[in-house]
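Here's the structure we're looking at; comments come further down.
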Amino acid sequence: MTSFPADSQIAAESGHRPARRRLTWARVGRASVPYLLILPVLGATGAVLGYPVGYLVNLSFQRYGLPELIQHAGHYIGLHNYWLVLHDSVFWDTLRRTVIFTAANVSLTIGLGTMIALLLVRVSRFVRLPLTAGLVLVWSMPAVVAVQVFYWMTNFENGVFNSILGLGQHDWYATTFSQLGLVTALIVWGALPFVVITLYAGLAQVPHELVEAAEIDGAGPLRVFRDVTFPVLKPIFLILTSLSIIWDFGVFTQPYLLIGREHQYASNYLMGVYVYIKAYSGNDYGQGAAISILMLLIVAILSIFYVRKMVKIGDVQ
Amino acid sequence: MKRRKLIAVGFVALAALVFAIAAGGVSGATKAKSITVWLQTDAQATNWTPIVAAANAQFQKDHAGVGVNVQYQSWGTHLQKFDATLAGGNSPDVIEMGNTEMTKYMAAGAFQDLTADKGSFANSSTWLAGLAASGRYNGKLYGVPYYAGSRVVTYRTDLFKKAGLKVPTSLSQFTTEGQTLLQKFGKKGFSPVYIAGTDWYFAMSFVFDYGGNIATRVSGKWKGALDTKKSIAGLTAFKNFFNAVSRASKTTDEAHPNPYDVYAAGDAASIVGPAWYTCCLGKVYTPVTAQFTMPSHTKGQVMPGFLGGSDLAVPVGADKALGEDWIRDYTSNASEKALEAIGNIPNTTSLFDNSKINERAAARSWFVPTAKNWVNVENENILRNMLAELLTGKLTVKQAAQAASDNIASILNAP
């Protein structure tokens with residue numbers, strides 16, 4: 001507060017009109033350069049993100065089904081779509097399932113990713129090279145192809161798993177838990193390379209002297225990781241985890257294709273699949289839009305909750 | 318300076334002119350030069366394409382200079398693609414629709430009214446009643462019947478002969494025969510009757526055979542009927558039959574894997590499904606293959622089978638006159654005869670031939686409730702879920718049927 005009067009005082013003192021105008025032109029020119037530079041980005045973002053989101057919000061306030069689609073005109077019904085969604089037990093069941101699914105996927109991805117990254121640092125170059133190459137291959141495999149490979153491995157009649165494990169004809173898709181477990185395996189497998197390679201790059205930034213000093217002081221490997229490595233890598237963990245939450249919460253391709261279009265039931269929906277079935281199979285575009293907006297809010301809340309918690313961990317230490 | 322400006326203005330004007338001509342030319346060209354027809358990939362079979370080509374030739378004879386652009390769609394995605402064209406205003410001029418998909422789109426106003434021209438379509442007075450009903454809504458005609466398909470049992474004559482078995486005339490006889498086959502040839506994974514666990518077309522046949530139903534209309538409202546005593550008896554019979562004779566996955570569907578692939582691999586003595594399964598049984602077993610109609614639990618009767626089929630409709634915004642003309646050519650008497658010759662059921666009873674097994678099977682058939690929201694029951698896989706639950710024992714038959722019945726009622730009664 002105290003700085004305010006001082007600032008305005010300075011401004012008033014230097015307020016000779018002609019001098020100020022000359023100065024202002026130059027200043028405006030110089031000051032506007034960064035804004036001009038960022039303008040294309042803002043414009044593009046506004047066009048590709050702002051317009052669809054605005055359209056989505058608008059759609060979520062309308063009754064928009066197949067007849068409206070054909071007539072190209074919806075009916076505004078206020079918050080009724082939201083009311084319907086929030087009073088649908090399928091929505092709440094799906095949300096609970098998806099949050100648990102996301103938590104499991106993100107912790108497995110980050111946990112395993114960290115361990116493999118730490119491993120990469122320790123192993124010799126002859127091991128590191130093929131391992132990295134393998135990771136890159138996994139990363140470059142399209143999700144649809146990966147689904148086919150997993151489907152083949154878990155096939156009922158002549159799957160690889162049943163053959164190798166000697167399970168006879170085990171049905172890998174018999175329960176929701178088993179179905180989503182396979183989807184988790186597929187997603188974690190596909191997401192690991194990105195996490196591992198990013199963390200591996202980050203580990204190169206951890207000062208050797210610090211680790212050595214800690215070890216000389218008698219810190220075990222866990223202690224070193226917690227007090228030396230982790231604080232350095234924290235920004236990377238923050239970004240990786242936030243991105244993973246966003247990806248896994250809205251995941252569609254893997255569950256829809258691996259479990260199959262014919263076997264998406266209210267008892268195994270994930271949010272991404274649920275919104276697709278509501279909007280496109282059920283032709284209720286208005287409710288679909290409302291669910292999308294709610295998903296957006298939920299992901300934002302989850303991310304904020306997580307980021308705050310991470311920042312707090314850092315504060316304590 | 319001035320000259321440069323002039324040149325610039327000239328360029329802009331020229332560009333505008335070129336653009337205007339191009340735009341005018343393009344929109345003028347697409348309007349009258351061709352029609353777009355969406356058929357399902359079934360019609361891409363080598364013995365089917367000549368029938369499409371013949372219709373196109375006839376059409377082009379009548380409309381010189383108008384091209385026909387036939388695009389083949391798959392069952393899994395064609396509705397979503399169609400929705401997108403409805404939103405974008407570029408729908409095809411003719412579309413093939415599955416008979417269970419029609420009602421929702423007719424109710425939403427997606428098709429043009431063809432009632433006034435009904436008489437101009439071949440055999441319209443003798444159209445197959447079950448199929449023709451799927452193209453009518455509120456007394457108006459929106460879909461012209463195209464062809465139907467019935468479901469039969471395709472079986473290995475060599476295995477039946479070796480085991481000394483005859484074509485069964487009742488469900489209980491078929492069950493005992495299945496168990497005999499299992500004892501004789503039952504290597505690992507072998508099914509006397511391969512049935513995908515969630516094949517709801519087959520399972521609902523049991524429901525109808527025992528006098529049950531999926532849903533009924535009671536004073537303007539839909540009421541789920543799977544929880545009735547008769548339906549539960551049917552579902553229980555299905556479960557018992559499945560457990561006795563099928564080693565298929567209890568949670569899979571009739572496309573993963575295709576039953577004919579299981580048969581071609583030698584892993585099944587018989588498969589249930591559409592009569593056209595004979596197309597793809599492989600070189601080894603095709604010569605020792607025959608078909609019979611699925612026997613009812615009442616001795617000597619045929620179990621009612623699902624009557625699948627397709628209609629042809631003209632979407633809103635399409636060229637109605639041209640679209641109708643193409644449909645007339647494709648559903649002509651000659652065309653339907655050709656469709657029958659490759660194993661389909663023609664759209665008219667006047668061509669029926671009782672020596673053909675698929676047409677005999679069609680004589681006793683069932684159909685899904687004609688509710689505008691029915692296709693949502695299919696899309697949300699309510700029946701498949703119920704079958705998976707009752708076969709795996711997650712729920713009892715009664716519990717699973719009750720849950721599905723409630724679910725179906727709420728979907729069908731939704732606005």
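Going down the list, the protein sequences come from chains A and B. Last residue of the first sequence: number 317 in my numbering, and the count goes up by one each step with no gaps. Last residue of the second sequence: number 732 in my numbering, and the count goes up by one each step with no gaps. Glycine included, each C-beta is placed from N, C-alpha and C at the ideal position. Note that the coordinates shown come from a computational prediction; the quantities given were computed from them, not determined experimentally.
Residues that residue i contacts on chain A, provided the C-beta gap is smaller than 8 Å
i: Val633 of chain B; result: Ile70
i: Ser563 of chain B; result: Here the premise fails: no neighbours, minimum Cβ distance about 12 Å.
i: Thr515 of chain B; result: Glu262 and His263
i: Asp570 of chain B; result: Gly260, Glu262 and His263
Residue i, DSSP secondary structure in three states
i: Gly345 of chain B; result: Below a pLDDT of 50, predicted positions are generally treated as unreliable, and Gly345 of chain B, at 39, falls in that range; the measurement from the model is reported next regardless. Helix.
i: Ser107 of chain A; result: helix
i: Leu167 of chain A; result: coil
i: Ser351 of chain B; result: strand
i: Ala339 of chain B; result: With a pLDDT of 43 at Ala339 of chain B, under the threshold of 50, the modelled position of this residue cannot be trusted; read the value that follows with caution. It is helical.
i: Met414 of chain B; result: strand
i: Gln254 of chain A; result: helix
i: Ala513 of chain B; result: coil
i: Arg564 of chain B; result: coil
i: Asp578 of chain B; result: helix
i: Lys538 of chain B; result: strand
i: Ile304 of chain A; result: helix
i: Val123 of chain A; result: coil
i: Gly495 of chain B; result: helix
i: His380 of chain B; result: coil
i: Pro686 of chain B; result: coil
Nearest residue (CA-CA) to residue i, options the options
i: Gly113 of chain A; options: A:Trp172, A:Val195, A:Leu49 and A:Val275; result: A:Val195
i: Gly260 of chain A; options: A:Val144, A:Leu243, A:Ala289 and A:Phe225; result: A:Val144
i: Gln618 of chain B; options: B:Met423, B:Ser467 and B:Asp526; result: B:Asp526
i: Val369 of chain B; options: B:Tyr389, B:Gly382, B:His380 and B:Asn407; result: B:Tyr389
i: Gly541 of chain B; options: B:Leu700, B:Ala362 and B:Trp365; result: B:Leu700
i: Pro367 of chain B; options: B:Ala658, B:Lys711, B:Val579 and B:Thr666; result: B:Ala658
i: Gln608 of chain B; options: B:Thr443, B:Gly625, B:Gly590 and B:Gly599; result: B:Gly590
i: Gly551 of chain B; options: B:Lys479, B:Gly481 and B:His614; result: B:His614
i: His395 of chain B; options: A:Tyr280, A:Met310 and A:Leu302; result: A:Tyr280
i: His573 of chain B; options: A:Ile298, A:Ile77 and A:Gln148; result: A:Gln148
i: Cys597 of chain B; options: B:Thr353, B:Trp355 and B:Asp359; result: B:Asp359
i: Gly166 of chain A; options: A:Phe156, A:Glu215 and A:Thr175; result: A:Phe156
i: Lys637 of chain B; options: B:Ala554, B:Lys567 and B:Phe428; result: B:Phe428
i: Trp355 of chain B; options: B:Asn664, B:Lys654, B:Thr486 and B:Ile644; result: B:Ile644
Chain-ordered neighbours of residue i on chain A, where CB pairs are closer than 7 Å
i: Glu418 of chain B; result: Under the 7 Å cutoff, chain A gives no residues; its nearest Cβ is about 12 Å from Glu418 of chain B.
i: Ser613 of chain B; result: The contacting residues do not exist; Ser613 of chain B stays about 27 Å from chain A at best.
i: Gly426 of chain B; result: Pro67 and Ile70
i: Pro509 of chain B; result: Per Cβ cutoff of 7 Å: no residues; Pro509 of chain B is ~16 Å from chain A at best.
i: Pro574 of chain B; result: Glu157
Contact set between residue i and chain B, taken where Cβ atoms lie within less than 7 Å
i: Pro52 of chain A; result: Within chain B, no residue comes near Pro52 of chain A; the closest Cβ sits about 15 Å away, beyond 7 Å.
i: Tyr265 of chain A; result: Asn698 and Asn702
i: Asp171 of chain A; result: Ser566, Lys567 and Thr568
i: Asn283 of chain A; result: Asp400
Residues that residue i contacts on chain B, provided the C-beta gap is smaller than 9 Å
i: Leu73 of chain A; result: A small correction: the amino acid at residue 73 of chain A is Ala; Leu does not occupy that position in the sequence shown. Result: empty, since nearest Cβ-Cβ is about 12 Å, beyond 9 Å.
i: Ala174 of chain A; result: Ser566, Lys567, Thr568, Ala705, Thr709 and Lys711
Nonlocal neighbours in the same chain, by C-beta distance under 7 Å from residue i, ignoring five residues either side
i: Val307 of chain A; result: Leu238 and Ser242
i: Thr109 of chain A; result: Val188, Ala191, Leu192, Val195 and Ser244
i: Leu84 of chain A; result: Gln287
i: Thr417 of chain B; result: Val685, Trp691, Val692 and Glu695
i: Ala565 of chain B; result: Ser508, Tyr511, Ile512, Ala513 and Gly514
i: Gly640 of chain B; result: Ile352, Asp410, Val411 and Val631
Close-in-space but distant-in-sequence residues of the same chain around residue i (CB under 6 Å, 5 per side omitted)
i: Ser727 of chain B; result: none
i: Thr347 of chain B; result: With a pLDDT of 43 at Thr347 of chain B, under the threshold of 50, the modelled position of that residue is not reliable, and the figure given next carries that caveat. Around Thr347 of chain B: no qualifying Cβ.
i: Val138 of chain A; result: Pro193
i: Asn724 of chain B; result: Ile699
i: Ser163 of chain A; result: none
i: Tyr269 of chain A; result: Thr94
i: Ala678 of chain B; result: Ser467, Val469, Thr610 and Gly622
Where residue i meets chain B, residues with beta-carbon distance less than 8 Å
i: Ile277 of chain A; result: Asn696 and Glu697
Chain-order list of residues whose beta-carbon lies under 8 Å from that of residue i (same chain, five-residue window excluded)
i: Lys421 of chain B; result: Lys689, Asn690, Trp691, Val692 and Asn693
i: Gly341 of chain B; result: The predicted position of Gly341 of chain B is uncertain, since its pLDDT is 41 and thus under 50; a value taken from the coordinates is nonetheless stated next. Here the set comprises nothing.
i: Ala581 of chain B; result: Cys597, Leu598, Gly599, Val601 and Tyr602
i: Gly406 of chain B; result: Gly634
Run of the alpha helix (DSSP H) containing residue i, from where it starts to where it stops
i: Tyr278 of chain B; result: With chain B running from 318 to 732 in the structure shown, residue 278 of chain B is simply not present.
i: Trp189 of chain A; result: Thr176 to Leu203
i: Ser727 of chain B; result: Val714 to Leu729
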